[in-house]
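J.: Residues 760 to 1295 (my numbering) are what the sequence shown spells out, left to right. Each residue gets a CB set at the ideal place from its N, CA and C atoms; glycine is no exception. Dumping the structure here so I can ask a few things about it.
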Amino acid sequence: MTLREEIAKRRTFGIISHPDAGKTTLTEKLLLFGGAIQIAGAVKHNKIRKSATSDFMEIEKQRGISVATSVMGFEYAGYKVNILDTPGHKDFAEDTYRTLTAVDSVILVIDCVKGVEEQTRKLMEVCRMRHTPVIVFINKLDREGRNPYDLLEEIDKELSIHTRPLSWPIGIGSEFKGVYNLYDKTLQLFSGDKSRIAEDVIAIDNLSDPLLEKYVGEDFANKLREDVELIEGVFEPLDINLYREGYLAPVFFGSAINNFGVKELLDTFVKIAPFPLSRQADVRMVNPEEEIFTGFVFKIHANLDPNHRDRIAFCRICSGRFERNKFYYHTRLDKKIRFSSPTSFMGNEKSILDEAWPGDVIGLYDTGNFKIGDTLSEGEKLQFKGIPSFSPEIFKELVNKDPFKTKQLEKGIRQLTDEGVAQLFVQTLGNRKIVGTVGELQFEVIQFRLSGEYGASCEFRPLNFYKACWFTSDNKAQIDKFFNAKTNNIAYDKENRPVYFAESAWMLQNSQESYPDIKFHFTSEFAADSSSKVLQ
Ligand code: G4P
């Protein structure tokens, strides 16, 4: 197969949802349809349970397992499908955001009873930022859910994305009869039998066909006719380009637990979802069809074996062909590295691979060379963009409890933050270390790992900050004044860029008003030229 053909058959995507909407169930059912697993339950028990809100032992146990489900690849209908797992637990949101930088599209799962929820909004914000194409799967139609029109309106309004239903439910909850596929013009009947993986599909091109009455009864047949007339009147036909540009989300209805609507979702997904496209690096756009290999690390998993400090770096291939045992150029470290046992992920099995293509995610064994965002190439000095750190929400000061282990603590916290467990900021005065996260759980994970892996002992002192943001300005006088006024509220991130810690929303607003020439940034990725100015 040529490079172009390999690219064209790849579909690399993530499934996102608010916890409990059915992401794990849908993932599993897709794997089942793709023949990647034989029994239901294989993915299910790997997920970080919601009960583990503060139980790091449980997290530790599950972390090992979740490596296996970080990427799940399978072949389906001539396509190579790569599902990138995103943790549902909100404390791992940052991990999810980063994984979204490595996908080409997403499937968003919404619970039809609950509609749009908090995590749905946050995740969609990230997708919108990157114009990621989104397909919506409205799940749990076997439950007494909300009116489908209301749900679509809510998605449109709250997630700021236009929708286009490609299937339409007939009844809901105990009266759920099935869906009509507006794309294929087929009726799919719901049996509620979880052991079946394929439901009855009946071709009905013309909805006035009396066959419809036979299958769903007169009342539901009439209601469906009305609904479809309305939908076809209100919605434009699906414009695939608008979907691929991230402006329009095709919507499917189904019930993942009952395997219902999943196959049609998958069949349409492989047809319309984008294959790997060009990606922006700092110096130029990189086209996947370039013969020269490039890729970037978006996730690092540590401690596979507690006796070694092994890590596995997940690298998304952006262009060319990756080959085992070939030397590649680590652009940040300016050195060549060879990988003798790169890993591929098929279903939930890992195996050593000899080659891989754009869109694939490979696992690289790492002894500490990688941090998140690192780029590999065949010699060209470039760095892929789009892997921002987000402004953390919880801040604590890291306090060393064992002065004899200072070095270990320094090393440990640097490595853990390289992995993306949390963000580290250091104040020049007194070398005070501030750790910022999006969830409480990370502090326990850090404490536990610093002690277990580095022999260091620490505690965390809560800090009363509301928000941290990067800042830049062209106005030297104003920025000098700001530095003088806010010495106690400024620390430096790992790239040595200054970060302002505001105590409250009011303080932040006040700073923005008092220093109008300073720009405050809420993700770490802002124009490199302006960030360098501030450092001069
Ligand atoms: P998540 O990964 O998004 O957190 O959700 P997950 O798939 O774990 O699903 C959350 C709960 O919703 C699970 O129930 C799951 O069985 C249920 N569920 C998923 N799809 C459907 C559906 O189509 N219809 C209905 N009625 N329920 C669905 P649980 O009780 O939390 O777990 P379990 O005991 O079933 O494993």
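Mark Val1045 as exposed unless 16 or more other C-beta atoms lie within 10 angstroms of its C-beta, in which case mark it buried.
T.: buried
J.: Let's see if you can read the secondary structure: which residues bound the beta strand (DSSP E) around Asn841?
T.: 838-843 is the extent of the beta strand (DSSP E) around Asn841.
J.: I need the straight-line Cα distance from Ala1061 to Asp1069, nearest angstrom please.
T.: 6 Å
J.: Look at the Cβ atom of Asp1119, then the Cβ atom of Arg905, and state whether they are nearer than 8 Å.
T.: no
J.: Comparing the CB of Arg902 with every heavy atom of the ligand G4P, is any distance shorter than 7 Å?
T.: Flag set: Cβ of Arg902 near the ligand G4P.
J.: Shorter than 7 Å, the distance from the beta carbon of Gly1079 to the closest heavy atom of the ligand COA, or not?
T.: Among the ligands present in this structure, namely the ligand G4P, the ligand COA is not found.
J.: Identify, in the order they occur along the chain, each residue of the same chain with its Cβ nearer than 6 Å to the Cβ of Glu1050, setting aside the five sequence neighbours on each side.
T.: Excluding residues within five positions, the ones whose Cβ falls inside 6 Å are Gly1079.
J.: Can you tell me whether DSSP reads Phe772 as helix, strand or coil?
T.: strand
J.: Between Leu1036 and Asp1239, which are expected to be in contact by the criterion C-beta below 8 Å, what is the C-beta distance as a whole number of angstroms?
T.: About 43 Å separates the two Cβ atoms, so there is no contact after all.
J.: Can we say the region 872-881 touches the region 771-780, given the rule of at least three CB pairs closer than 8 Å?
T.: Using a C-beta cut-off of 8 Å, the region 872-881 makes contact with the region 771-780, since at least three inter-stretch Cβ pairs fall below that distance.
J.: Measuring CA to CA, which of Thr1134, Ala1072, Leu867 is closest to Phe1052?
T.: Thr1134
J.: Going straight from the alpha carbon of Lys936 to that of Arg1075, what length do you get?
T.: 41 Å
J.: Going by C-alpha to C-alpha distance, which of Gln947, Glu972, Asp952 sits closest to Val959?
T.: The sequence shown places Asp at residue 959, not Val. Selected option, being the one with the closest Cα: Gln947.
J.: Could you tell me which residues DSSP pairs with Thr1187 in its beta bridges?
T.: Secondary-structure assignment with DSSP links Thr1187 through no beta bridge to anything.
J.: So within the region 997-1049, which uninterrupted beta strand (DSSP E) runs reach at least 3 residues, ignoring any that extend past its ends?
T.: 1007-1012
J.: According to DSSP, which residues form a beta bridge with Gln1182?
T.: Gly1195
J.: Sort Gln1182, Ile1121, Glu787 by Cα distance to Lys1155 and report the nearest one.
T.: Gln1182
J.: Let me know if Ile1111 comes out buried or exposed under the rule of 16 or more other beta-carbons within 10 Å of its beta-carbon.
T.: exposed
J.: Please report the residue range of the alpha helix (DSSP H) in which Pro1257 lies.
T.: That residue, Pro1257, is in no alpha helix (DSSP H); its beta strand (DSSP E) goes 1257-1261.
J.: Hey, out of Ala767, Asp943, Phe1184, Gln1167, whose CA is closest to Ile963's CA?
T.: Asp943
J.: I'd like the span of the alpha helix (DSSP H) that includes Tyr974, first residue to last.
T.: Annotation: the continuous alpha helix (DSSP H) that includes Tyr974 extends over 970-975.
J.: Excluding the 5 residues preceding and the 5 following Glu765 in the sequence, name in chain order all residues of the same chain whose CB lies nearer than 7 Å to its CB.
T.: Trp1116
J.: I believe Gly1198 touches Lys953 by the beta-carbon criterion, under 8 Å. Please report the beta-carbon distance rounded to the nearest angstrom.
T.: With 8 Å as the limit, Gly1198 and Lys953 do not qualify as a contact, their Cβ atoms being about 33 Å apart.
J.: Would you call Phe1163 buried or exposed, if buried means 16 or more other Cβ atoms sit within 10 Å of its Cβ?
T.: Flag for Phe1163 reads exposed.
J.: The beta strand (DSSP E) that contains Arg1070, what's its start and end?
T.: 1070-1078
J.: Along the chain, where does the beta strand (DSSP E) containing Thr1102 start, and where does it finish?
T.: 1102-1105
J.: Do Cys1228 and Phe1149 come within 8 Å of each other at the CB atom, strictly closer than that value?
T.: no
J.: Counting Cβ pairs, one atom from each stretch, are 3 or more of them under 8 Å apart for the region 996-1003 and the region 968-978?
T.: no
J.: When the Cα atoms are used, what is the spatial distance from Leu1055 to Gly951?
T.: Note that residue 1055 corresponds to Phe in the displayed sequence, not to Leu. Rounded to the nearest angstrom, the two C-alpha atoms are 43 Å apart.
J.: Closer than 6 Å by C-beta to Glu917: which residues in its own chain qualify, once you throw out the five before and the five after it? Chain order, please.
T.: Val875
J.: For the alpha helix (DSSP H) holding Cys886, just list the boundary residues, first then last.
T.: Annotation for Cys886: the continuous alpha helix (DSSP H) segment containing it runs 877-889.
J.: So the candidates are Pro1009, Gln1174, Ile1059; which of them puts its Cα closest to the Cα of Tyr1124?
T.: Ile1059
J.: Should Ala1015 be listed as close to the ligand G4P, given that the test is whether its C-beta is under 7 Å from any heavy atom?
T.: yes
J.: What number of angstroms, rounded off, separates the C-alpha of Phe1260 from the C-alpha of Leu790?
T.: 44 Å
J.: Under the three-state reduction of DSSP, which class applies to Tyr856: helix, strand or coil?
T.: Helix at Tyr856.
J.: Under the three-state reduction of DSSP, which class applies to Leu867: helix, strand or coil?
T.: strand
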